[in-house]
Ligand SMILES: [Zn+2]
């Protein structure tokens, strides 16, 4: 069972209290963008075995969206952080490097 | 306000008693609770202290529960709620805020008995072990498959609130969890 700490209310929320929101840090390509960029934005998703970044919502709780960094293979959670972040905080990137040396995910590593 | 209809006129007597409360006044208040001037304005109408994260505070007049970083639930007597709402609108004035009377949208239940912790633990994914969830804590979560919030009034009494539209479902599942013979005796 996945347990994520909600950064807004501090509750250790069990998976059934949360709604998944898909991949984190997607950059939106809207009107005026190239077809390739728009297609990537709509359809291309990471599907790693290992380090992954996701969006979750504390739906049966404080209702806030947040980000989580976790391992899809072991369900180990490296950390959670605010929705208003364009990239994973340095502290979380460091924690991942410690446990998964050489990791990379999209433009982060 | 509308005529609210009770779903369960008779309390359920199991190893914990489940009863639907008489209508109470409830206000949802949203705004920037991290702003000092906002809280100062708020306190002109709200008599209690501000609750810390995931807490509920009470005084003789009202209870205030922490719903999220920008939302409070204010509980008061049913006939006081209109006055309190008007007072809040006046004291918050032109600030950015939302206040809504949700008295008829929600319903509250009281659980009483020695094993209230156990009955809640059967339905909600929350650590209710004594010492982990004390009176004063306020938790939004789910009970079975519906959203709800609860707090302990004492070690033998708890209050649960949920949407009125699912009141009957809530009453039934609380009653089932509290059924005689269903004791787990986890913490006794
Ligand atoms: Zn939360």
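Residue numbers (this note's numbering), protein chains in the order written: chain A, 1 to 109; chain B, 110 to 297.
Beta carbons are placed, not taken as given, at the ideal position from N, Cα and C, and that holds for glycine.
Using a Cβ-Cβ cut-off of 8 Å, state whether residue 14 of chain A counts as contacting chain B. Your numbering for residue 14 of chain A matches position 14 in the first chain. Judged by the 8 Å Cβ criterion, residue 14 of chain A is in contact with chain B.
Roughly how many whole angstroms lie between the Cα atoms of residue 56 of chain A and residue 46 of chain A? As a working mapping, residue 56 of chain A is identified with position 56 in the first chain. As a working mapping, residue 46 of chain A is identified with position 46 in the first chain. Taking the straight line joining both Cα atoms gives about 16 Å.
Taking 7 Å as the cut-off, does the CB of residue 11 of chain A come closer than this to any heavy atom belonging to ligand 1? As a first step, residue 11 of chain A must be located in the first chain, where it is residue number 11. Because some heavy atom of ligand 1 lies under 7 Å away, the Cβ of residue 11 of chain A counts as near it: yes.
Is residue 140 of chain B closer than 8 Å to residue 205 of chain B when the C-beta atoms are compared? As a first step, residue 205 of chain B is located in the second chain; it is residue number 96 there, counting from the start. As a first step, residue 140 of chain B is located in the second chain; it is residue number 31 there, counting from the start. Their beta carbons are under 8 Å apart, which means residue 205 of chain B touches residue 140 of chain B by this criterion.
Using only the heavy atoms of ligand 1, determine whether one of them is closer than 7 Å to the beta carbon of residue 8 of chain A. To locate residue 8 of chain A, count along the first chain from 1; it is residue 8. Yes - ligand 1 has a heavy atom lying nearer than 7 Å to the Cβ of residue 8 of chain A.
Residues near residue 125 of chain B by beta carbon distance below 6 Å, same chain, minus five either side: Here residue 125 of chain B refers to the residue found at position 16 of the second chain. For residue 125 of chain B, where only same-chain residues beyond five positions count, the Cβ hits under 6 Å are 220, 222, 224, 225, 228 and 287.
Cα-Cα separation between residue 189 of chain B and residue 239 of chain B, rounded to whole angstroms: The residue you call residue 189 of chain B lines up with position 80 of the second chain. The residue you call residue 239 of chain B lines up with position 130 of the second chain. Rounded to whole angstroms, residue 189 of chain B to residue 239 of chain B spans 35 Å at the Cα level.
Within-8 Å CB hit, residue 250 of chain B to chain A: Against the second chain, residue 250 of chain B aligns to sequence position 141. Chain A contact via Cβ: present.
Which of helix, strand or coil DSSP assigns to residue 274 of chain B: Within the second chain, numbered from 1, the residue matching residue 274 of chain B stands at position 165. Correct three-state label for residue 274 of chain B: helix.
How would you write the range of the alpha helix (DSSP H) that residue 38 of chain A sits in, first residue to last? Locating residue 38 of chain A in the first chain gives position 38, counting from the first residue. Note, residue 38 of chain A: alpha helix (DSSP H), 35 to 43.
In terms of residue numbering, what span does the alpha helix (DSSP H) encompassing residue 192 of chain B cover? Within the second chain, residue 192 of chain B is the residue found at index 83, counting from 1. First-last of the alpha helix (DSSP H) with residue 192 of chain B: 190 to 201.
Measuring from the CB of residue 58 of chain A, is there a heavy atom of ligand 1 at a distance below 7 Å? Residue 58 of chain A sits at position 58 when you count from the first residue of the first chain. Under cutoff, so the answer is yes.
Between residue 5 of chain A and chain B, is any beta-carbon pair separated by less than 8 Å? Residue 5 of chain A sits at position 5 when you count from the first residue of the first chain. No, because no Cβ of chain B sits closer than 8 Å to the Cβ of residue 5 of chain A.
Taking 8 Å as the threshold, find out whether the region 248 to 257 of chain B comes into contact with the region 22 to 37 of chain A through three or more Cβ pairs. no
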